[in-house]
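Novice:
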Amino acid sequence: MSASSAFNDEKGGSSSVGEPEYGHDPASGGIFSSDYKRHDDLKEMLDSNKDSLKLEAMKRIVAMIARGKNASDLFPAVVKNVACKNIEVKKLVYVYLVRYAEEQQDLALLSISTFQRGLKDPNQLIRASALRVLSSIRVTIIVPIMMLAIKEAASDMSPYVRKTAAHAIPKLYSLDPEQKDQLIEVIEKLLADKTTLVAGSVVMAFEEVCPERIDLIHKNYRKLCNLLIDVEEWGQVVIINMLTRYARTQFLNPNINESLLEEGGADKTFYGSDGDEDEDDEEKEKKAEAPAMAKRKPYVMDPDHRLLLRNTKPLLQSRNAAVVMAVAQLYFHLAPKAEVGVIAKALVRLLRSHSEVQYVVLQNVATMTIKRRGMFEPYLKSFYIRSTDPTQIKVLKLEVLTNLANETNISTILREFQTYIKSMDKDFVAATIQAIGRCATNIGEVRDTCLNGLVQLLSNRDELVVAESVVVIKKLLQMQPEKHSDIIKHMAKLTDNIQVPMARASILWLIGEYCEHVPKIAPDVLRKMAKSFTNEEDIVKLQIINLAAKLYLTNSKQTKLLTQYVLNLAKYDQNYDIRDRARFIRQLIVPTEKSGALSKYAKKLFLALKPAPVLESPFKDRDHFQLGSLSHLLNAKAGGYQELPDWPEAAPDPSVRNVEVPEWTKCSSREKRKEKKVEKPFYSDSEGESGPTESADSESDSASHSESVSGSEESGSASESEESEEGSESEEEEEDEEEKEKKKKKKELKKPVQESESEQSSEEEEERKHERKSKQRKSDSESESDEEEESESESSQSESEEESESEAEVKKKKKAAESKPLSKPVKKENKKEKKEMSLLDLDDFEPAPSPQVTPVNTFLSNSLVTDLEGLSLSDAVLSPATIAPSSALKNYELLHRITGEGLSVEYCFSRQPFSPDANMVAVQMQFTNNATSDTKNLHMEDVKLQSGMRVKEFPEIELLPAGETATAVMGIDFCDSTQAANFQLCTHTRKFFVSIQPPVGELMRPVFLTENEFKKEQGQLMGMNEITEKLTLDVKCRNEHAIVQRVTAAANLSRVPCGSDKECRFAGRTVTSSSLVLVTVSTKEEGAAQLTVNCEKMVIGTMLVKDILLALTQ
């Protein structure tokens, strides 16, 4: 490198650390000193034998590079030290080489053998740095060496080195694309890596080298989903974007049923059918749709699809805006419509960061608001514009506000716009006026208001405001010109004052187009314009010619000479567009012998009705680009962009994501596996977690999802749909259901006997107590010794489990001391049962319980409730008598016995006040252990709720022996919404994702009103709070008793006394907000009836109408 070029690089800047600073004082001769002398001391230090001097020199050189100085002439001196024994020097040498290896390739090649030795260094940082330097030398000769180095590094013990190998793959691919096949093998190997450090880098390499090879992702899909939360932030962004595309090829569209419904003409309002439609028509439609709906398979979300959505959701709280944006686009492209709303809050949070982030987020929000307006409506005020916002942010916020405008919020939005018009930022004011125009076209109710507002702006002092208003008014007037001839006259007067060409052109077009509405003014405007024709802008001249032509065709007496004058002026204009237009129009409107056949149709050509312009959002068609991508931001396909695939018609085979069971699962001890899972509940290092356990988890999730989808349907139908999917297991399930029914009957028969014999049995059991305890200890010690033999290697885990067991025993004793003596026989009976189990041969064991045990069973299930709840509640509240009989209430399935590996859970809304918190709905849960082994520590974890919702967990059930049933009560505050409460149901070995979704009728509690009070309250809840529907009652439902029964079954309401026998009234209040709900069913002749619901909460009212209609008509 020449001295002069080195001087140019460093002139004016301070020299490297610790050197005399020559260049700062212009008077010193240092400016002219040749640069190579400056680095002599560094070269000497690098050549010395002392490591301390070398280290000091390297620190100074790296500092120079960090400050942007050129240190490339030191390359030969530095590269010699790559073989230095001192590890600190070595690291800094590699930092230098990574920076300059590409520029000084010849010198770097000389020391390539040293880099290869570095790949074998015991220090992981040196190995990684050597690979980084090697991959930075962009010479095709060393491709085989690089390939070998990457392959070795991919199997390195250190995850950091493996991560560096992943980074080197795209570099090698860009250097030599022919190596693709070998690189794909390395990528496949690295994708199987279980460490979070490697995951992000290898997915990045996958995206660069072979994004089309999604078959490499199948086996690693579940692992990537589970690792996602712990990967570093930029890795998360890459993985989420890749998984979005993967999911679009592997899963079905979760909104497919909704889109089919929309196509099928069932365009109902948001919550139910429109009130205006005729009931008979609706009936016919329903009958016609019924067979089609039956044929259509109900959508059940793939468990792996649910896994992806569940594991990305927590990342909405990430501190990194890119991660939040990535999750938001994933939800927008993949989630069911009902779940997309969660991203709105996270995106609104990002609007508080700096303007660059705001710009990107608002671009995406603007696209989202076109399709999913509803999710951002609650955050309308977050998009209000601040005076400090830059113009581009203001314009984007305007765009979002315009997209969110609807009949309910338009008045507040227009008030905001009025303020914005006074802004000093002219571009922003122009954009605001356009936004007002778009609101006016989209919402017919405010069109006149907007027009009047814009007409007032015509008298504004600012010419730009007036000009923009003219352009927007022109578009609005096209919709209904006959009403607004006054406005056209007013605008004609403005031609003297307005100088902005676009505005003048718009006024002239309006006058020409609607000249019959202003016959006196139009010729005069043309006269004025003919005077100033030569001084006008081209766009205005074209419109003057058009105006002249239109007036010549409609009013040739007054305007013939004027038109000829204008056309003559135009004939000699400098602009050839204007000259062409003049010639063309002259031939068309002034017929001569030469003119063709077109002149007959001049009027039709010029005065044809023109369609009103549709004012559309510029973001309308942007959603075909993946949100959050550069292509979406630019609205043009950027280099390297990969299209978002369309959803498949039929679901591809989900078994491709199943992973072979690793060796450890084949060992004989089940206990070992269970302990492992307990130790690592989130994900384990072993592949097993992402294999069998994850699939089981996700199966349970799909069961809970289908439960929530079915909504108000009975649990029977949900289980039936599952049976049809499971195929071979359906027969077993039917048998199981029959067994359950038999059990129920037996229980009912034995109940009275059981109550009379309870005293006797308790006395007998007191006597047998000590015997059983000693037996229990024996069996326990035996089983413990067995476990010790089986799992000696995992002694630490078993010790921790013993500790937890001892804690559980302490809890048991406390509970026993506090609760009634009634609970003692319960535990003894359980212990006896456990002992019998351990003695039986498990292979031949069948879970059908003996009839002697059954009565005690039912007795237990009820007393267990009081036993468990007795700690916090009074005995009166939850005693078995006060809990409503389960036969009267509808049971829903929470966990199927196959999904729950033997544990089945049903729940019902007990309609009893939940005493710990009156604002919560009591949910009674029944746990049945159909397995051959005991279930321990049944409890709840990881409760996920919508904002405002709360849960009071049921007390832990410490032991549920095989074949036994237990009952527990939990409380959920649904916040007066039908959003599901999601949580994990955990046993000592497993976790199941479940969700409870309430029918709207269970969100109420009955209230007792007199007839007068009912009428008074009803009078106050009129207008929008009243919903009325006509219906035809079901044949079986035409007497008063049947109506009352069906309405109270659909909603937890109480009957209100009524003087008329043709009217049934019901009243209740919502559990959370105590909003009043009033229902009236008026019957008429031949089964006709009218249903009226008055409710403070319109949403609840609408949903309740739907449910009661179903109950009364089916």
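Per the working numbering, the sequence shown starts with residue 1, numbered consecutively. Ideal Cβ positions, reconstructed from N, Cα and C, are used throughout, including at glycine.
When DSSP builds the beta bridges, which residues end up paired with LEU1076?
Specialist: Position 1076 of the sequence shown, counted from the first residue, corresponds to residue 1076. BP columns for LEU1076 point to ARG1069.
Novice: May I ask you to list the residues that DSSP assigns as paired with GLY971?
Specialist: On the sequence shown, residue 971 is found 971 positions in, with the first residue counted as 1. Bridge partners of GLY971: ALA922, LYS952.
Novice: Taking contact to mean at least 3 C-beta pairs separated by less than 8 Å, is the segment 1031 to 1041 in contact with the segment 1006 to 1023?
Specialist: As far as the Cβ criterion goes, the segment 1031 to 1041 does not touch the segment 1006 to 1023, which means the pair count is below three.
Novice: Using C-beta distances below 7 Å, list every residue in its chain close to ARG438, excluding the 5 sequence neighbours before and after it, in chain order.
Specialist: One-based indexing of the sequence shown puts residue 438 at position 438. Closer than 7 Å at Cβ, skipping near neighbours: THR402, LEU615.
Novice: According to DSSP, which residues form a beta bridge with ILE1027?
Specialist: Residue numbering aside, residue 1027 sits at position 1027 when the sequence shown is read from its first letter. Answer is VAL1093, bridged to ILE1027.
Novice: Who pairs with TYR100 in a beta bridge, going by DSSP?
Specialist: On the sequence shown, position 100 is the one that residue 100 refers to. For TYR100, which the question treats as bridged, DSSP gives no partner whatsoever.
Novice: Skipping 5 residues on each side, what residues in its chain have a beta carbon closer than 6 Å to that of SER1075?
Specialist: Your numbering for residue 1075 matches position 1075 in the sequence shown. Closer than 6 Å at Cβ, skipping near neighbours: GLU1096, LYS1097.
Novice: Does LEU1110 pass the burial test, meaning 16 or more other C-beta atoms within 10 Å, or should it be called exposed?
Specialist: In the sequence shown, residue 1110 corresponds to position 1110, counting from 1. Exposed, because fewer than 16 other Cβ atoms sit within 10 Å of the Cβ of LEU1110.
Novice: Return the residue from the list VAL95, CYS84, ALA83, ASP73 that minimises the CA-CA distance to GLN104.
Specialist: In the sequence shown, residue 104 corresponds to position 104, counting from 1. Nearest of VAL95, CYS84, ALA83, ASP73 to GLN104, Cα basis: ASP73.
Novice: Taking the alpha-carbon positions, what's the VAL422 to LEU464 distance?
Specialist: Sequence index remark: in the sequence shown, residue 422 carries index 422 (1-based). Sequence index remark: in the sequence shown, residue 464 carries index 464 (1-based). Reading off the sequence shown, one finds Lys at residue 422, where the question assumed Val. Roughly 12 Å between the two C-alpha positions.
Novice: Within 10 Å of its beta-carbon, does ASN635 have 16 or more other beta-carbons around it, so buried, or fewer, so exposed?
Specialist: In the sequence shown, the residue the question calls residue 635 occupies position 635. Exposed: under 16 other Cβ atoms inside 10 Å.
Novice: By DSSP, does ARG579 sit in helix, in strand, or in coil?
Specialist: One-based indexing of the sequence shown puts residue 579 at position 579. Helix.
Novice: Name the DSSP beta bridge partners of MET940, please?
Specialist: On the sequence shown, position 940 is the one that residue 940 refers to. Bridge partners of MET940: LEU985.
Novice: Please determine, among ARG461, VAL905, VAL470, the residue with the shortest C-alpha to C-alpha distance to ASN452.
Specialist: By one-based count along the sequence shown, residue 452 stands at place 452. When each option's Cα is compared against that of ASN452, the closest is VAL470.
Novice: May I ask you to report which of helix, strand or coil DSSP gives SER977?
Specialist: Within the sequence shown, numbered from 1, the residue matching residue 977 stands at position 977. Residue state, collapsed to three classes: coil.
Novice: Please determine, among LEU510, SER556, ALA492, THR367, the residue with the shortest C-alpha to C-alpha distance to VAL525.
Specialist: Locating residue 525 in the sequence shown gives position 525, counting from the first residue. When each option's Cα is compared against that of VAL525, the closest is ALA492.
Novice: Can you tell me whether DSSP reads GLY275 as helix, strand or coil?
Specialist: As a working note, residue 275 is residue 275 in the sequence shown. With a pLDDT of 40 at GLY275, under the threshold of 50, the modelled position of that residue is not reliable, and the figure given next carries that caveat. Here GLY275 sits in coil by DSSP.
Novice: Is it buried or exposed for LEU1070, if we count other Cβ within 10 angstroms and need 16 for buried?
Specialist: Here residue 1070 refers to the residue found at position 1070 of the sequence shown. Per the sequence presented here, residue 1070 reads as Thr, with Leu not at that position. Buried.
Novice: Looking at C-alpha atoms only, which residue of LEU227, ARG213, GLN182, LEU172 is the closest neighbour of LYS194?
Specialist: Here residue 194 refers to the residue found at position 194 when the sequence shown is read from its first residue. Measuring from the Cα of LYS194, the nearest candidate turns out to be LEU227.
Novice: Ignore the nearest five residues each way along the sequence and tell me which others in GLN1114's own chain have a CB closer than 7 Å to its CB.
Specialist: Taking the sequence shown and counting its residues from 1, the one referred to as residue 1114 is at position 1114. The answer, listed in chain order, is ASP1034.
Novice: Suppose you measure from the CA of LEU197 to the CA of GLU906; what does that come to, to the nearest Å?
Specialist: Locating residue 197 in the sequence shown gives position 197, counting from the first residue. Locating residue 906 in the sequence shown gives position 906, counting from the first residue. Roughly 42 Å between the two C-alpha positions.
Novice: Is the number of C-beta pairs between the segment 238 to 249 and the segment 639 to 649 that are closer than 8 Å three or more?
Specialist: Yes, they touch.
Novice: On the DSSP bridge list, what partners appear for LYS991?
Specialist: As a working note, residue 991 is residue 991 in the sequence shown. Paired residues: CYS986.
Novice: Using a 10 Å radius around the Cβ and a threshold of 16 neighbouring Cβ atoms, would you call GLN329 buried or exposed?
Specialist: As a first step, residue 329 must be located in the sequence shown, where it is residue number 329. When all chains shown are included, GLN329 counts as buried.
Novice: Along the chain, where does the alpha helix (DSSP H) that runs through GLU233 open and close?
Specialist: Here the question's residue 233 lines up with position 233 in the sequence shown. First-last of the alpha helix (DSSP H) with GLU233: 233 to 250.
Novice: Report, in whole angstroms, the separation of the C-beta atoms of THR369 and LEU347, which I expect to be a contact under 8 Å.
Specialist: Within the sequence shown, the letter at position 369 stands for residue 369. Within the sequence shown, the letter at position 347 stands for residue 347. Their Cβ separation, rounded to whole angstroms, is 11 Å, which puts THR369 and LEU347 out of contact at 8 Å.
Novice: Short check: CB of GLU1026 to CB of ASN1094, under 9 Å?
Specialist: In the sequence shown, the residue the question calls residue 1026 occupies position 1026. In the sequence shown, the residue the question calls residue 1094 occupies position 1094. For GLU1026 and ASN1094, yes; Cβs fall inside 9 Å.
Novice: So, is VAL656 buried or exposed, given that buried needs 16 or more other C-beta atoms within 10 angstroms?
Specialist: What you label residue 656 is simply residue 656 of the sequence shown in a count that begins at 1. When all chains shown are included, VAL656 counts as exposed.
Novice: Based on Cα-Cα distance, which residue from LEU477, LYS550, PRO519, MET502 lies nearest to ALA612?
Specialist: Sequence index remark: in the sequence shown, residue 612 carries index 612 (1-based). Taking only the C-alpha atoms, the option nearest ALA612 is LEU477.
Novice: Out of curiosity, what's the CA-to-CA distance linking LYS189 and ALA154?
Specialist: Taking the first residue of the sequence shown as 1, we reach residue 189 at position 189. Taking the first residue of the sequence shown as 1, we reach residue 154 at position 154. So the two alpha carbons sit approximately 8 Å from each other.
Novice: Compute the distance between the beta-carbons of TYR96 and ILE61, then report whether it is under 9 Å.
Specialist: On the sequence shown, residue 96 is found 96 positions in, with the first residue counted as 1. On the sequence shown, residue 61 is found 61 positions in, with the first residue counted as 1. Yes, these two residues count as a Cβ contact at 9 Å.
Novice: Around the Cβ of ARG319, are there at least 16 other Cβ atoms within 10 angstroms (buried) or fewer (exposed)?
Specialist: By one-based count along the sequence shown, residue 319 stands at place 319. Looking at its Cβ environment, which holds fewer than 16 other Cβ atoms inside 10 Å, ARG319 is exposed.
Novice: Exposed or buried, what is GLY1059 when buried is set at 16 or more other beta-carbons lying within 10 Å of its beta-carbon?
Specialist: For the purposes of this step, residue 1059 is identified with residue 1059 of the sequence shown, where counting begins at 1. GLY1059 comes out exposed.
Novice: Within 10 angstroms of its Cβ, does ASP942 collect 16 or more other Cβ (buried), or is it exposed?
Specialist: Taking the sequence shown and counting its residues from 1, the one referred to as residue 942 is at position 942. By the 10 Å Cβ count, ASP942 comes out exposed.
Novice: Kindly list the residues whose CB is nearer than 6 Å to the CB of GLN946, restricted to its own chain and excluding five residues on each side of it in sequence; keep chain order.
Specialist: Here residue 946 corresponds to residue number 946 of the sequence shown, with the count starting at 1. Counting only Cβ-Cβ distances below 6 Å, and skipping sequence neighbours, we find GLN979.
Novice: Counting Cβ pairs closer than 8 Å, one from the segment 597 to 609 and one from the segment 542 to 556, do we hit at least three?
Specialist: At 8 Å Cβ cutoff, the stretches touch.
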